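This report concerns only the one structure given below.
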Amino acid sequence: MKCRKCGGAAVLELRRHNAAFCEPDFLEFFRNQVREAIRKYRMLAPGERVLVAVSGGKDSLALWDVLIDEGYQTTGLYLDLGIFDYSVESKARCEAFAARRAAPLIVSRVADAIGAPVPVIKNVTRRPPCSGCGLSKRYLMNRAALEHGFPVVATGHNLDDEAATLFGSVMHWQTDALPRQSPALASTHPKLVRRVKPLYRLSERETAAFAFLRRIDYIVEECPFAKGATSIQHKQILDRMEDASPGAKHNFLFGFLEKAQPAFARAEPVALNECARCGQVTTGTLCAFCKLADQVKRAT
Ligand code: SF4
Ligand SMILES: [Zn+2]
Ligand SMILES: [Zn+2]
323 MKCRKCGGAA VLELRRHNAA FCEPDFLEFF RNQVREAIRK YRMLAPGERV
373 LVAVSGGKDS LALWDVLIDE GYQTTGLYLD LGIFDYSVES KARCEAFAAR
423 RAAPLIVSRV ADAIGAPVPV IKNVTRRPPC SGCGLSKRYL MNRAALEHGF
473 PVVATGHNLD DEAATLFGSV MHWQTDALPR QSPALASTHP KLVRRVKPLY
523 RLSERETAAF AFLRRIDYIV EECPFAKGAT SIQHKQILDR MEDASPGAKH
573 NFLFGFLEKA QPAFARAEPV ALNECARCGQ VTTGTLCAFC KLADQVKRAT
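FYI, the numbering for the sequence shown is 323 to 622, going by our numbering.
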């Protein structure tokens, strides 16, 4: 196998690109994909302050690594979900990375904000753990960005994540979710920061290879609640399609973004208010996070 760029020995074959790369050319290919994502969706201004949401996994730490080297003023945000050893280990990985790259890291505990960690929230609500967890993460990311004066939050969602989310939304025809399926979400309210996903052009295998080659120490184990989550089942279905037909995930996601998404755009923007209690953005009077906190308080 020869590198497409330099003809040297390749370390990685990318079937969907019909190409193989040596280590330096793969790293450059990876960074170019991030630059292209940022350029195409005008995700970040040069040198902008960016809050990077990190979980300790390969994707978010690879993203942080690239953004630091691209000259953005980054700060990491680790949300401690309180999920047993998984949270202890993943937090340690984020702290070690931040120390190695001499980058600031904010740590925020879900239990401090809502009154209980994710496993207790799951028991209180009797809903799948990812439901309360996802809601809390979205809320706390935005709140941390506002409190610390960041105009934008970057997350490590990759091509596989985005294709699986799209697949789930299409399977259930969640037409309210489809307009928001985008690598970049603009701010539609002064209290809502922009959200961007600069890894959306890169597969999970590619981010794993990048993290490995950059010697990033990341947590390999999945969250214990990930097992059985529908998003994982959707990923497995898409993996089988990708195996049979390299490029299937890319075509599915990019085809949607380029050809289908405009058809789902809302004619009228959703009216947003400020939560009567916490001041964060909501479509009602009290935001979903404050309602969840009330529910936790009543039960604990
Ligand atoms: S798998 Fe579910 S519970 Fe675990 S971190 Fe992800 S969203 Fe939270
Ligand atoms: Zn090469
Ligand atoms: Zn609120």
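All C-beta atoms in this analysis are idealised placements derived from N, C-alpha and C, irrespective of residue type, glycine included.
Bear in mind the structure is a predicted one, so any value in this text is a computation, not a measurement.
Exercise for the section: Tell me whether Val592 is buried or exposed, calling it buried when 16 or more other Cβ atoms sit within 10 Å of its Cβ. Expected result: exposed
Practice task
Could you tell me how far apart the beta carbons of Trp386 and Phe419 are, in whole angstroms, since I believe they sit closer than 8 Å?
Solution key: 7 Å
Exercise for the section: Express the C-alpha separation of Gly378 and Ala414 in angstroms, rounding to a whole number. Expected result: 8 Å
Handout entry: For Glu411, the nearest candidate out of Lys519, Asp539, Arg502, Arg449 (CA to CA)
Key = Asp539
Handout entry: Cys545 burial status per 10 Å Cβ neighbour count (16 or more: buried)
Key = buried
Problem - Cut-off 7 Å between Cβ atoms - residues of its own chain near Ala486, not counting five sequence neighbours on either side - result: Ser553, His556, Lys557, Leu560
Handout entry: Length of the line joining the Cα atoms of Pro520 and Thr622
Key = 39 Å
Exercise for the section: Compute the Euclidean distance between the alpha carbons of Gly471 and Met323, then round it to the nearest angstrom. Expected result: 48 Å
Exercise for the section: Grab the span of the alpha helix (DSSP H) containing Gly569 for me, first residue to last. Expected result: It is not in any alpha helix (DSSP H) - Gly569 carries neither H nor E in the DSSP assignment.
Handout entry: Candidates Arg337, Ile541, Lys327, Ala359: closest to Cys344 by CA position
Key = Lys327
Practice task
Locate the beta strand (DSSP E) running through Ile343, then write down its first and last residues.
Solution key: Reading off the sequence, residue 343 comes out as Phe, not Ile. Note, Phe343: beta strand (DSSP E), 341–343.
Problem - Asn480, DSSP secondary structure in three states - result: coil
Exercise for the section: Can you say whether Pro368 is buried or exposed, counting buried as having 16 or more other CB atoms within 10 angstroms of its CB? Expected result: exposed
Problem - Same chain, Cβ closer than 6 Å to Cys600, neighbours up to 5 away in sequence not counted - result: Cys612
Exercise for the section: Tell whether a beta-carbon distance below 8 Å holds between Val372 and Val474. Expected result: yes
Practice task
Could you tell me if the beta carbon of Phe532 falls within a distance shorter than 7 Å of some heavy atom in ligand 2?
Solution key: no
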